[in-house]
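Participant:
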Amino acid sequence: MSAPIDRSVERGDGYYIVVEEVKPRVQVYKLVDSKIRFFESIWEIPEGITYNAYVVETDSGFLLIDGWKRGFGGLLVEELGKRGVLSRVTHLIVNHMEPDHSGSIPEILSARPGLKVLGHPLAGRLLRDFYGFAGEFKPVQDGEVFEEGGLRIRFLHAPWLHWPETIVTHVEDLGVVFPCDVLGGYGAYREIFLSEMSEEGRKRYFKLAKMYFANVIGHYRDFVLKSLPKLREAVSKSDVVAPGHGLVLDRGDALEMLSSYEKWIKKESRKIVVVYASMYGFTGEAATRLAKVLEGQGFEVVVYGFNDYERPMVSELVSDAMDAEGLLVAAPAYENQIYPTIRYVLDIIAHKTGCPRVFFLHVYGWGSRVGDARSMLEELKCGVVETLDFKPSTVSSMTDSQIKRVIDFFTRTT
Ligand SMILES: Cc1cc2nc3c(=O)[nH]c(=O)nc-3n(C[C@H](O)[C@H](O)[C@H](O)COP(=O)(O)O)c2cc1C
Ligand SMILES: [Fe+2]
Ligand SMILES: [Fe+2]
1 MSAPIDRSVE RGDGYYIVVE EVKPRVQVYK LVDSKIRFFE SIWEIPEGIT YNAYVVETDS
61 GFLLIDGWKR GFGGLLVEEL GKRGVLSRVT HLIVNHMEPD HSGSIPEILS ARPGLKVLGH
121 PLAGRLLRDF YGFAGEFKPV QDGEVFEEGG LRIRFLHAPW LHWPETIVTH VEDLGVVFPC
181 DVLGGYGAYR EIFLSEMSEE GRKRYFKLAK MYFANVIGHY RDFVLKSLPK LREAVSKSDV
241 VAPGHGLVLD RGDALEMLSS YEKWIKKESR KIVVVYASMY GFTGEAATRL AKVLEGQGFE
301 VVVYGFNDYE RPMVSELVSD AMDAEGLLVA APAYENQIYP TIRYVLDIIA HKTGCPRVFF
361 LHVYGWGSRV GDARSMLEEL KCGVVETLDF KPSTVSSMTD SQIKRVIDFF TRTT
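All the letters of the sequence shown, read from the start, carry residue numbers 1 to 414 under the UniProt record's numbering.
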């Protein structure tokens, strides 16, 4: 017997709850958060986000996979309770311990004190450290099969995607993979499936999924590459892929997204991201001029300018930098330092996407600081680096040889 479902319950305060079947015996309990502005208190997400918990019906009750963000546990308990699920949940599976999913564990456990919890061996310690958990915990090994209520559930370890104790839960008998944050995306969607979206909506979602990937998982890109074969295998054996955020994917879409991950990480593009800051326009003039020159050379060029009218979203910038083969960064000198916004943004880019090729353009009034730029880029472990200095008056009289240096830098293969 499946729990009764209603598609949408409006809360009226920027949060919505959507409960719907994603497959017979599998339901999503989705908290739609259109109020949030900064995910992880960093990333600008005007489109909001969803936290997806899942309920799987077995012959002996229900498995609960993940939960909602810290602060919403009571609401999740209420929703599970009014559908008759709560009293029949036998196991809670914790795919990772980040509190945007695990934050409702304390309320769930106080409503169902005997609940058995399953997760990566490390999750047992984190449960104690985060929530003082002292209940029954079953650690699961990589590849382990757990049988419950007539269903075979295989657990895969996916270390550092993006927490050390991340696991992927594969309910083999139902053909559903729950890949935790992997294959998730931003967006406060009431829809359940990516396949429900129009062509335009689909494009938009891929953009939001790319932003989510770069922002949240990007730093661990080497681990993503290592886990790709395992993820592909599990997805290939399933019909439905149900991540912790965003839309549920069918097999084809999930495989397409995994291939996109690989392309983005390997920076397989002829794309250059231009990032500049400019107080009075000199640096902006230099950067936009060079952006046009590079565009003329056949590069795809995306420009992000921080100026007195515009403050681009760093969440989007990082996502564009993810698959760009080069960065052109332009900054004015500021109180004997590299301009603070540029330091901040470069630090994030280097950390989340790496910076194998950076041309740094510096505009100064009373003293060159390109030495500082070099050591900053070295410290950030950027690869090939070149710098160029301008005084405000020389920005508009950029020489052919200066322009050629920039073109050559991005055209060179080493
Ligand atoms: C608040 C402030 C601090 C500055 N600090 C420095 C500095 O430490 N060293 C320097 O050479 N020029 C400094 N300058 C000069 C700027 O780098 C110069 O005006 C540059 O053209 C600014 O570029 P922009 O027009 O793109 O803002 C400073 C300018 C301002 C407004
Ligand atoms: Fe997470
Ligand atoms: Fe998450």
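Glycine included, C-beta positions come from ideal geometry on N, C-alpha and C.
Please check the pair Leu388 and Arg405, which I expect to be a contact at CB under 8 angstroms, by giving their CB distance rounded to whole angstroms.
Facilitator: Translated into the one-based positions of the sequence shown, residue 388 becomes position 388. Translated into the one-based positions of the sequence shown, residue 405 becomes position 405. Yes, Leu388 and Arg405 are in contact; Cβ-Cβ is about 7 angstroms, under 8 angstroms.
Participant: Would a C-beta distance cut-off of 7 angstroms place Gly14 and Lys35 closer than the cut-off?
Facilitator: If you number the sequence shown from 1, residue 14 lands on position 14. If you number the sequence shown from 1, residue 35 lands on position 35. Yes, Cβ-Cβ distance for Gly14 and Lys35 is below 7 angstroms.
Participant: When you compare the CB of Phe206 with every CB in chain D, is at least one pair closer than 7 angstroms?
Facilitator: As a matter of chain content, chain D is missing from the structure shown, which is built from one protein chain.
Participant: According to the neighbour-count rule (16 or more other Cβ atoms, all chains shown, within 10 Å of its Cβ), is Val240 buried or exposed?
Facilitator: Numbered from its first residue, the sequence shown carries residue 240 at position 240. The residue is buried, with at least 16 neighbouring Cβ atoms inside 10 Å.
Participant: Flag this pair as touching only if the stretch 213-228 and the stretch 268-284 have three or more C-beta atom pairs under 8 angstroms; answer yes or no.
Facilitator: Taking 8 angstroms as the limit for Cβ pairs, the verdict is that the stretch 268-284 does not touch the stretch 213-228.
Participant: Note down the Cα distance separating Leu317 from Gly149, rounded to an integer number of angstroms.
Facilitator: Numbered from 1 along the sequence shown, position 317 holds the residue referred to as residue 317. Numbered from 1 along the sequence shown, position 149 holds the residue referred to as residue 149. Straight-line Cα distance between these residues: approximately 47 angstroms.
Participant: Do Gly185 and Leu208 have their C-beta atoms within less than 7 angstroms of each other?
Facilitator: Taking the first residue of the sequence shown as position 1, residue 185 is located at position 185. Taking the first residue of the sequence shown as position 1, residue 208 is located at position 208. It is a contact, given that the beta carbons lie within the stated cut-off.
Participant: Beta-carbon within less than 7 angstroms of Arg190's beta-carbon, same chain only, minus the 5 sequence neighbours each way: which residues are those?
Facilitator: For this step, residue 190 is matched to residue 190 along the sequence shown. So the qualifying residues of the chain are Ser8, Tyr16, Val18 and Val32.
Participant: Is Tyr334 near ligand 1, going by C-beta to nearest heavy atom under 6 angstroms?
Facilitator: Within the sequence shown, the letter at position 334 stands for residue 334. Yes, since a heavy atom of ligand 1 falls inside the 6 angstroms radius drawn around the Cβ of Tyr334.
Participant: Are the stretch 377-388 and the stretch 345-359 in contact at 8 angstroms, needing three or more beta carbon pairs?
Facilitator: Enough Cβ pairs lie closer than 8 angstroms, so yes.
Participant: So, using beta-carbon positions, are Tyr344 and Ala331 closer together than 7 angstroms?
Facilitator: Taking the sequence shown and counting its residues from 1, one reaches residue 344 at position 344. Taking the sequence shown and counting its residues from 1, one reaches residue 331 at position 331. Cβ distance not < 7 angstroms, so Tyr344 and Ala331 don't count as in contact.
Participant: Report the rounded CA-to-CA distance for Ser260 versus Lys210, giving the unit in angstroms.
Facilitator: Position 260 of the sequence shown, counted from the start, is the residue given in the question as residue 260. Position 210 of the sequence shown, counted from the start, is the residue given in the question as residue 210. Each residue's Cα considered, the two are about 9 angstroms apart.
Participant: When you compare only the Cα positions, how much space is there between Met1 and Phe213?
Facilitator: On the sequence shown, residue 1 is found 1 positions in, with the first residue counted as 1. On the sequence shown, residue 213 is found 213 positions in, with the first residue counted as 1. Because Met1 carries a pLDDT of 38, less than 50, the predicted location of this residue cannot be relied on, and no value is offered for it.
Participant: Given a cut-off of 7 angstroms, decide if Ser227 and Glu44 are closer than it, judged by their beta-carbon atoms.
Facilitator: Against the sequence shown, residue 44 aligns to sequence position 44. Against the sequence shown, residue 227 aligns to sequence position 227. Result no, Cβ atoms of Glu44 and Ser227 do not sit closer than 7 angstroms.
Participant: Using 8 angstroms as the cut-off, can you tell me whether the stretch 155-173 makes contact with the stretch 126-146, which would need three or more C-beta pairs spanning the two stretches below that distance?
Facilitator: At 8 angstroms Cβ cutoff, the stretches touch.
Participant: Touching or not, the stretch 265-274 and the stretch 70-78, by the rule of three or more beta carbon pairs under 8 angstroms?
Facilitator: Too few Cβ pairs lie closer than 8 angstroms, so no.
Participant: If you follow the beta strand (DSSP E) that His91 is in, where does it begin and where does it stop?
Facilitator: If you number the sequence shown from 1, residue 91 lands on position 91. That run of the beta strand (DSSP E) goes Val89 to Val94.
Participant: Just list the residues that DSSP pairs Val385 with in beta bridges.
Facilitator: The residue labelled residue 385 in the question sits at position 385 within the sequence shown. Answer is Val358, bridged to Val385.
Participant: So what does DSSP say about Met1, is it helix, strand or coil?
Facilitator: The sequence position of residue 1 within the sequence shown is 1, counting from 1. In this predicted model, Met1 has a pLDDT of only 38, less than 50, meaning its place in the structure is not dependable enough to derive any value.
Participant: Of all the options Leu75, Glu200 and Phe390, which has the alpha carbon lying nearest to the alpha carbon of Tyr51?
Facilitator: Numbered from 1 along the sequence shown, position 51 holds the residue referred to as residue 51. The residue with the shortest Cα to Cα distance from Tyr51 is Leu75.
Participant: Could you say which of Leu231, Gly252, Trp163 and Ala234 lies nearest to Ser195 if we only look at CA atoms?
Facilitator: One-based indexing of the sequence shown puts residue 195 at position 195. If we check each option's Cα against that of Ser195, Gly252 comes out closest.
Participant: According to the neighbour-count rule (16 or more other Cβ atoms, all chains shown, within 10 Å of its Cβ), is Ile183 buried or exposed?
Facilitator: Translated into the one-based positions of the sequence shown, residue 183 becomes position 183. A small fix is needed here, since residue 183 is Leu in this sequence, not Ile. Buried: at least 16 other Cβ atoms inside 10 Å.
Participant: Please classify Ile93 as buried or exposed, where buried requires at least 16 other C-beta atoms within 10 Å of its C-beta.
Facilitator: By 1-based counting over the sequence shown, the position of residue 93 is 93. It is buried - the Cβ of Ile93 has at least 16 other Cβ atoms within 10 Å.
Participant: Counting only the same chain and skipping the five closest in sequence on each side, list residues whose C-beta sits under 7 angstroms from that of Pro4.
Facilitator: As a first step, residue 4 is located in the sequence shown; it is residue number 4 there, counting from the start. At Pro4, the pLDDT of 38 sits below 50, so the modelled position is not reliable; the number obtained from the coordinates is stated separately. These residues qualify, in order along the chain: Arg83.
Participant: If Ala321 sits next to His362, beta carbons under 8 angstroms apart, how far is it from one beta carbon to the other, in whole angstroms?
Facilitator: The residue labelled residue 321 in the question sits at position 321 within the sequence shown. The residue labelled residue 362 in the question sits at position 362 within the sequence shown. Not a contact, Cβ separation roughly 19 angstroms.
Participant: Measure the C-alpha to C-alpha separation of Thr166 and Val303 and round it to an integer number of angstroms.
Facilitator: Numbered from its first residue, the sequence shown carries residue 166 at position 166. Numbered from its first residue, the sequence shown carries residue 303 at position 303. Using only the alpha carbons, I get a separation of about 35 angstroms.
Participant: Can you give the beta carbon distance from Val301 to Ile272, rounded, assuming they're within the 8 angstroms contact cut?
Facilitator: Against the sequence shown, residue 301 aligns to sequence position 301. Against the sequence shown, residue 272 aligns to sequence position 272. The Cβ separation is near 5 angstroms, so the contact holds.
Participant: Please name the residue, chosen from Glu21, Pro179 and Met398, that lies closest to Arg289 on a Cα-to-Cα basis.
Facilitator: Residue mapping note: residue 289 aligns to position 289 of the sequence shown, counting from 1. Minimum Cα distance to Arg289 is reached at Met398.
Participant: From Leu86 to Tyr205, what distance separates their C-alpha atoms?
Facilitator: In the sequence shown, the residue the question calls residue 86 occupies position 86. In the sequence shown, the residue the question calls residue 205 occupies position 205. Leu86 and Tyr205: Cα-Cα distance of roughly 32 angstroms.
Participant: Check whether the Cβ of Gly326 lies closer than 6 angstroms to any heavy atom of ligand 3, and answer yes or no.
Facilitator: Locating residue 326 in the sequence shown gives position 326, counting from the first residue. Checking every heavy atom of ligand 3 against the Cβ of Gly326, none is found closer than 6 angstroms.
Participant: Residues bridged to Glu147 by DSSP?
Facilitator: As a position in the sequence shown, residue 147 is number 147, starting the count at 1. DSSP, once it has assigned bridges, lists Arg152 as partnering Glu147.
Participant: Ordered along the chain, which non-local residues of its own chain (more than five positions away) have a Cβ less than 7 angstroms from that of Ser104?
Facilitator: For the purposes of this step, residue 104 is taken as the residue at position 104 of the sequence shown. Hits under 7 angstroms: Gly67, Trp68, Phe72, Gly73 and Leu76.
Participant: Below 6 angstroms, is the gap between the Cβ of Asp33 and the nearest heavy atom of ligand 2?
Facilitator: Counting from one through the sequence shown, the residue named residue 33 turns up at place 33. No, since every heavy atom of ligand 2 falls outside the 6 angstroms radius drawn around the Cβ of Asp33.
Participant: List the residues that DSSP assigns as beta-bridge partners of Trp43.
Facilitator: Along the sequence shown, one-based indexing puts residue 43 at 43. DSSP, once it has assigned bridges, lists Phe39 as partnering Trp43.
Participant: Give me the residue from Gly365, Leu377 and Tyr309 with the minimum Cα distance to Val329.
Facilitator: Numbered from its first residue, the sequence shown carries residue 329 at position 329. Checking every option, the nearest Cα to that of Val329 belongs to Leu377.
Participant: Taking its Cβ as the centre, do 16 or more other Cβ atoms sit within 10 Å of Asp6, making it buried, or is it exposed?
Facilitator: Position 6 of the sequence shown, counted from the start, is the residue given in the question as residue 6. Interpretation of Asp6 is limited by its pLDDT of 45, a score under 50 that renders its predicted location unreliable; the figure taken from the coordinates is listed afterwards. Burial call: exposed.
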